[in-house]
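Engineer: This note's numbering numbers the first residue of the sequence shown as 1008 and each following residue consecutively.
Just so it is clear, CB atoms sit at the ideal spot from N, CA and C, and this is done for glycine as well.
Bear in mind that the values here come from a model prediction, so they are computed numbers and not experimental data.
Take a look at the following structure, please.
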Amino acid sequence: MYFGLQTGWISMMSMQSALLGYLFSLFYSRPMTRQELVVLQTTAVATGTMPLAAGFVGVIPALGLLDYKHDNAHPVKVGLLDGILWGCAVALFGVFLAPPLRRQMIIKEELVFPSGTATAQLISVLHETQEGTQDEERTYISQSGSRVTRRRGYEALPAEEPDVSDQDSVDDGEQNQLENYDIAQSWKILGSSFAASALLTLSAYFFPVVFNIPLFGVYLAREWLWYFSPSFSYVGQGIIMGFPTTLSMSLGMVFGWGILSPLSKFKGWAPGPTGDMIVGARGWILWVALAIICADSFVSITPTIYRLLRSAYLTLLSKGAVVVSEEIPEDEPASRLVPNKWVWSGLLASVVVGTVLVWFVFGYEGIKPWATVLGFIMGAVLSHLGARALGETDLNPVSALGKISQVFFAFLQPGNVVANIIAGGVAEAGAQQAGDLMQDLKTGHLLHASPRAQFYGQMIGSVLSIFVSAIAYNLYTRAYTIPGPQFPAPTAYVWLSFARLIGSGGGLPDHIKPFIINAAVITALIASFKAQALTRGKWWAKWIPSGVAFAIGFLNTPSFTIARLIGGIAELLYRRRVARLRSNGEAASDVGIVILASGFVLGEGVASIIGLVMKSFGVECTDRESKEDVSDYKSEELFRSLVTCGICLQLYVDPVALLNCLHLACGACAKEWLKSSKSCHECRSPVRGVHDSHYALAVVEAYHSVAPNSSLCQERTPEVIAALREQYKPGQKLTIGEESEESSDESRSDSSESENEDNESPEEESYYRELRLHNDSCPFCDRAGGSGGEFMCPVPCARPADDVGSRTVPVGHTICSECHRFLPTRSDLLHSHCAVCTRTTCSEFGKSCLPSLTAAEVRVELELGVLRDAGFRGDYELPLTHAFGNNEFERDIFRTWATNTDFSLQDLFREILAFRGSSLPKASWHGNANEAIGSPYVSVDDKVCTSCVLDLVEASLFEWWICKRQSGAIELPEDVTNREDCWYGIECRTARHNYRHAMNYNHICRKTSIDQQTESHDSPENGNRYVAYSGDLNTTFPAFSPSAIIFRDKGKELSFMCSSVRGTEPLADIIPGKATVWGFGYGVYVYYGEEGQEHLQDGSVQLLIDTKGMHWVPASCGVVPEGCRPVVGGRRVSAGRTLELHHCAVWWYGQRVPGYVCKDSGYAAITWGGQEWYFKDNYELLCWK
């Protein structure tokens, strides 16, 4: 489990199991016999390889990486009970498959199974004194006459099994002394290597830098992951693999991490961090590795398939003839064999039980029961191919077999990534287990061990490992992020990437296809050449790189591969030394290097279990006595940006929010700041007033309870706090710039002419009151002054004749966002306006802006440019206005992480662009969640204003952030990552007002709870509305999901459609308008328009938040498009007539604003900045679908 989650590679360790079993048996009265050692190593192999067979290092982590956006399925988290049930489902099917294959492949065809034969040779060496030297590979003739390839350095096995009494006897004193010396040396090597590996691993637990040595300097280590991990276990693995395999891995490491990784980064194909599996170079070269693995595996299994088909064909040709091979007798008595009745009943039971358990764990939506049954059937077929390939080449191509199964199920259940991965895991589990047992059965056949005893051992080991593997995986997922920095689980990405590729054909990074094709073709050619060379017995064939090992060098970071290469070099040098000693007639054994490698692997394995237990119980290198201080320090660092004033940089005292930007400051600090400045201290935007922030005050109080001993809570004395509260009292009006409080109040009272002056809105002082459309007409409407060839407006606009006309946008026109003159809406000029908010300027039409109408007129420059080239000034902040479902706690976790890692807005934009690809989805407040007009996506080649670029980044922030966190690319404090997921995830409404709930539960996840089904009924003509008194909305505003935010006010405040009831029913006017939520603690205000003015509602309000069954259609001049049924928004009684009003939406000054339209009026109306504005066309009408 430990090594599989780190590198995706698990060795059978059959030889090491036999060796260690023999050494430990020396403590008993007699050593184990050959047959007992065979059963022991069979049980050990079954136990140790279960994490790979059951998919705990590949399939299960892959299911946790699912993304709804890409896979149409939520991540599947497998808990302890689910892990046990999944293990029970797949653990025994392969065990029952092996006995029928034994008679065919071992007895009849006498396949070699090199690793099984080598294990038998090792066991023979352990029980007999070596005679002579074996310097070269040779063959011997078995009892049945088969030729068995022998590995260099091992003695031939005896033709007959010696008696146990002969094994226990001692021929003479000299031999006894020699054996005692060898055993003592073996124990010394094993103990020393075990202790060294365990000590180094435990040291790395307390001091992680031990396993992260910057081999070629800090820059290459940090930016390109060229670390070196001096892990003895990986040195031991390199010894076990041998030099040719580790050399292939190292070549893959150099090519993947030294050439392709920098190439993809510098070319911009993988712009993210190098180690990121989604947008980084590691994720980019993963696809090349996948192509190499598939090509090499398929080529290696092709000869086996060919011989199998050829054999079947010859059998059909010779039908009716006597087949001599069928007469080969079984060399074991029936009492030592596995009865056929056990085999067939076991296969049937394992399929039935496995299907039921898989359905119970993953549900009907995960994989259909019939698909699971087909997975087992396919596993039976593929196990035959895998076992045959293993017997011939010592390679069980489970990677290729799993991919074959995935391709098969991609046709059966297209688009179902979950079913694809699960079915592939079921098939691979059967092939993996059957192959492991066939190796063990070959060892037992050569040493005359009982097949039935081996079957028992495999059953015991598999059943025991179900619980061990499930518990270990559960502990690892609780203690670490998987996949994550410590345990990247690379094979999980291989499973998921291949499933996505064959499922939808998408997901490929930029410019990867040529590399995939070339890598597959070249690998197939090399693998074919190597297979031919091996068939002809060429000595140099083993030095041709292995495709799978080469690809593993891509998947694993250089730190693991370098350590394995050291082990491979050590193995090569040791083998050469042994060969040289034997050539000189001196006694030498190969066993020592195997013992050394076993000690290295076992040492780190045992120490990793100790480290896992310590991690689970929270044992760290920090002294326990300082835990409280550490907790306070972590809380202080995490919350500092959330509770500190941007002016004094200390804890808030009576915090206030600046309008419109809503940035916070202490009341006293804001008072002093605004005496000499009219702009915000953080974003420099104009300030039009302040409002007490009750929400920030609650956060400060919560911080006091969480970290009472932090430096922030102790910086200010009670006397200083009292003085600050004397300077500013909650609710106090503040001076802005040079204007005095008295003059401000006086001017406000003079200018307030509406009936709602007692119910003052936060936008009463808005500079938008000064906004007027320019009296000069459109420069393209002047027929007399038009030059030849210049565009002329089809419908000329007239100069405004009255005050209402100065706020009316005529047909076919928009306004310049800077000088407010009329401009044509030209659909033929695709890049003359913002692709999101449609704003434009005179300069986009080759004209100059007109001078200001008044000295008080506010002009804001429109920054318009191509999306892919967007850049941001230093005063721009991260776009977090509505990020993460308005969860302030999650926003500040992100803000703190970005600050600590120097992650700028420009960095975020590049990451989002790489994450989304060639287009970015619009935000919900752009109408994207409600079927607004136009495409829901914006191309990277479109022109977009800077404000809308920030909106686009914010709209994709959650998906990008959750992907980064799930991939382990983001390091956050443990008290953040260890929180339990909230059932409602990002949709949670409680987290917006309950700060403790937001702190205790993780909300960077998707909704998993099942809502209660409500009784379906027809909606009324005006939709399902929430009716309340306007003054009560501050406390009774209905809950809403983030996707319901489809409008915003001028300062990006949330706005919702509503209708204000004016008067007494049944003759009351019901006027559609907007309800603006100015922020928690600032209040909710309802606006409607009448007689050219914006009014505050003081009465009954009908909120329309639920827009299911509705959509938006383009309209103009008050005409309802043919075939459309508008949603009734209200009515207006005028001159004895009742006019029906409908809801509409208009893009105005960068925001999508709700309003109303009446077919008799010929225009749409919205309220903005205290006035009503009118639009002849370019508006949207809300209609029933």
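Across which residues does DSSP place ILE2078 in a beta bridge pair?
Structural biologist: On the sequence shown, residue 2078 is found 1071 positions in, with the first residue counted as 1. DSSP output for ILE2078 lists SER2067 as bridge partner(s).
Engineer: Between the alpha carbons of THR1281 and GLU1987, how many angstroms are there, rounded?
Structural biologist: If you number the sequence shown from 1, residue 1281 lands on position 274. If you number the sequence shown from 1, residue 1987 lands on position 980. If I take the Cα positions, the gap works out to 29 Å.
Engineer: Return the Cβ separation of LEU1885 and LEU1927 in integer angstroms, given the expectation that the two are a contact with Cβ distance under 8 Å.
Structural biologist: Locating residue 1885 in the sequence shown gives position 878, where the first residue counts as 1. Locating residue 1927 in the sequence shown gives position 920, where the first residue counts as 1. Going by Cβ atoms, the distance from LEU1885 to LEU1927 rounds to 16 Å, so no, they are not a contact pair.
Engineer: Expressed to the nearest angstrom, what Euclidean distance is found between the alpha-carbon atoms of ASP1283 and THR1054?
Structural biologist: Within the sequence shown, numbered from 1, the residue matching residue 1283 stands at position 276. Within the sequence shown, numbered from 1, the residue matching residue 1054 stands at position 47. Approximately 33 Å between the Cα atoms of the pair.
Engineer: Between the alpha carbons of VAL1960 and CYS2151, how many angstroms are there, rounded?
Structural biologist: Against the sequence shown, residue 1960 aligns to sequence position 953. Against the sequence shown, residue 2151 aligns to sequence position 1144. Cα to Cα, VAL1960 sits roughly 27 Å from CYS2151.
Engineer: Classify LEU1088 as buried or exposed, calling it buried when 16 or more other Cβ atoms lie within 10 Å of its own Cβ.
Structural biologist: Against the sequence shown, residue 1088 aligns to sequence position 81. Around the beta carbon of LEU1088, fewer than 16 other beta carbons lie within 10 angstroms, which makes this residue exposed.
Engineer: Give me the Cα-Cα distance between VAL1350 and PHE1103, rounded to the nearest whole angstrom.
Structural biologist: Here residue 1350 is taken as the residue at index 343 of the sequence shown, counted from 1. Here residue 1103 is taken as the residue at index 96 of the sequence shown, counted from 1. For VAL1350 and PHE1103, the distance between alpha carbons rounds to 5 Å.
Engineer: One question on the structure: do ARG2013 and ALA2046 come within less than 8 Å of each other, judged by their Cβ atoms?
Structural biologist: The residue given as residue 2013 occupies position 1006 in the sequence shown. The residue given as residue 2046 occupies position 1039 in the sequence shown. Contact: no.
Engineer: Taking a contact to mean a Cβ-Cβ separation below 8 Å, would you say LEU1719 touches VAL1663 in this structure?
Structural biologist: Counting from one through the sequence shown, the residue named residue 1719 turns up at place 712. Counting from one through the sequence shown, the residue named residue 1663 turns up at place 656. Pairing LEU1719 with VAL1663 gives a Cβ-Cβ distance that is not under 8 Å.
Engineer: Give a yes or no on whether the minimum CB-CB distance between LEU1254 and chain C is below 8 Å.
Structural biologist: The structure shown contains no chain C; it is built from a single protein chain.
Engineer: How many Å lie between PRO1801 and ARG2055 at the Cα?
Structural biologist: Translated into positions along the sequence shown, residue 1801 becomes position 794. Translated into positions along the sequence shown, residue 2055 becomes position 1048. Roughly 33 Å between the two C-alpha positions.
Engineer: With H, G and I counted as helix, E and B as strand and the rest as coil, what does DSSP make of TYR2036?
Structural biologist: The residue you call residue 2036 lines up with position 1029 of the sequence shown. Strand, per DSSP.
Engineer: Could you check what DSSP says for ASP1661 in three-state terms: helix, strand or coil?
Structural biologist: Locating residue 1661 in the sequence shown gives position 654, where the first residue counts as 1. Three-state DSSP puts ASP1661 in coil, outside helix and strand.
Engineer: Going by CA-CA distance only, name the one from LEU1731, GLN2104, SER2048 and ILE1569 that's closest to SER1238.
Structural biologist: Translated into the one-based positions of the sequence shown, residue 1238 becomes position 231. SER1238 has its Cα closest to that of ILE1569, out of LEU1731, GLN2104, SER2048 and ILE1569.
Engineer: Among SER1271, THR1322 and LEU1887, whose alpha-carbon lies nearest the alpha-carbon of LYS2059?
Structural biologist: By one-based count along the sequence shown, residue 2059 stands at place 1052. Answer by Cα proximity: LEU1887.
Engineer: Among residues of its own chain, excluding the 5 on either side of SER1210, which ones have a beta-carbon nearer than 8 Å to its beta-carbon?
Structural biologist: Walking along the sequence shown from the start, residue 1210 turns up at place 203. Cβ within range, chain order: VAL1217.
Engineer: Kindly indicate the opening and closing residues of the alpha helix (DSSP H) around PHE2182.
Structural biologist: Start at 1 with the first residue of the sequence shown, and residue 2182 comes out as number 1175. Element bounds for PHE2182: not the alpha helix (DSSP H) but the beta strand (DSSP E), 2178-2182.
Engineer: Mark GLU1868 as exposed unless 16 or more other C-beta atoms lie within 10 angstroms of its C-beta, in which case mark it buried.
Structural biologist: Taking the first residue of the sequence shown as 1, we reach residue 1868 at position 861. Looking at its Cβ environment, which holds fewer than 16 other Cβ atoms inside 10 Å, GLU1868 is exposed.
Engineer: Alpha carbon to alpha carbon, how far is SER1535 from PHE1561?
Structural biologist: Translated into positions along the sequence shown, residue 1535 becomes position 528. Translated into positions along the sequence shown, residue 1561 becomes position 554. Taking the straight line joining both Cα atoms gives about 21 Å.
Engineer: Following the continuous beta strand (DSSP E) through GLN2100, name the residue where it begins and the one where it ends.
Structural biologist: In the sequence shown, the residue the question calls residue 2100 occupies position 1093. Its beta strand (DSSP E) spans residues 2100-2103.
Engineer: Looking only at DSSP bridge pairs, what is ALA2152 linked to?
Structural biologist: Residue 2152 sits at position 1145 when you count from the first residue of the sequence shown. In DSSP, ALA2152 forms a bridge with PRO2161 and GLU2187.
Engineer: In whole angstroms, what separates the C-alpha of GLY1431 from that of GLN1420?
Structural biologist: Looking up residue 1431 in the sequence shown gives position 424. Looking up residue 1420 in the sequence shown gives position 413. Rounded to the nearest angstrom, the two C-alpha atoms are 12 Å apart.
Engineer: What does the Cβ neighbour count give for PHE1223, buried or exposed, with the cut at 16 atoms within 10 Å?
Structural biologist: As a working mapping, residue 1223 is identified with position 216 in the sequence shown. Per the 10 Å Cβ criterion, exposed.
Engineer: Start and end of the beta strand (DSSP E) containing GLU1868?
Structural biologist: Position 861 of the sequence shown, counted from the start, is the residue given in the question as residue 1868. No beta strand (DSSP E) contains GLU1868, which DSSP labels as neither H nor E.
Engineer: Which residue wins for smallest C-alpha separation from ARG2194, given the options ASP1948, ILE1266, ALA1703 and ILE1576?
Structural biologist: Here the chain has residues from 1008 to 2192 only, and residue 2194 is not among them.
Engineer: Just reading off the alpha helix (DSSP H) that PRO1106 is part of, what are its end residues?
Structural biologist: To locate residue 1106, count along the sequence shown from 1; it is residue 99. Here the alpha helix (DSSP H) through PRO1106 covers 1100-1109.
Engineer: On the three-pair Cβ rule with 8 Å, is the segment 1084-1098 touching the segment 1522-1530?
Structural biologist: Contact between the segment 1084-1098 and the segment 1522-1530 is not established, with fewer than three Cβ pairs separated by less than 8 Å.
Engineer: What's the C-alpha gap between GLY1101 and GLU1043?
Structural biologist: Here residue 1101 corresponds to residue number 94 of the sequence shown, with the count starting at 1. Here residue 1043 corresponds to residue number 36 of the sequence shown, with the count starting at 1. Those two C-alpha atoms are separated by around 23 Å.
Engineer: VAL2091: buried (16+ other C-beta within 10 angstroms of its C-beta) or exposed?
Structural biologist: Along the sequence shown, one-based indexing puts residue 2091 at 1084. Buried.
Engineer: Using DSSP with H/G/I as helix, E/B as strand and the rest coil, what is GLN1734?
Structural biologist: Reading the sequence shown from its first residue, position 727 is the one you call residue 1734. DSSP places GLN1734 in helix when its eight states are reduced to three.
Engineer: Can you tell me whether ILE1822 is helix, strand or coil according to DSSP?
Structural biologist: Reading the sequence shown from its first residue, position 815 is the one you call residue 1822. Of the three classes helix, strand and coil, the one that applies to ILE1822 here is strand, per DSSP.
Engineer: Could you check what DSSP says for PHE1235 in three-state terms: helix, strand or coil?
Structural biologist: The residue labelled residue 1235 in the question sits at position 228 within the sequence shown. DSSP places PHE1235 in strand when its eight states are reduced to three.
Engineer: Going by DSSP in three states, MET1020 sits in which element: helix, strand or coil?
Structural biologist: Counting from one through the sequence shown, the residue named residue 1020 turns up at place 13. Coil at MET1020, not helix or strand.
Engineer: Ignore the nearest five residues each way along the sequence and tell me which others in LEU2255's own chain have a CB closer than 8 Å to its CB.
Structural biologist: Residue 2255 lies beyond the stretch modelled for the chain, which goes from 1008 to 2192, so this question has no answer here.
Engineer: At the level of alpha carbons, what is the spacing between ASN2029 and LYS2081?
Structural biologist: Here residue 2029 corresponds to residue number 1022 of the sequence shown, with the count starting at 1. Here residue 2081 corresponds to residue number 1074 of the sequence shown, with the count starting at 1. The straight-line gap from Cα to Cα measures roughly 15 Å.
Engineer: In whole angstroms, give me the CA-to-CA distance for ILE1533 and SER1553.
Structural biologist: Residue 1533 sits at position 526 when you count from the first residue of the sequence shown. Residue 1553 sits at position 546 when you count from the first residue of the sequence shown. Whole-angstrom Cα-Cα distance: 9 Å.
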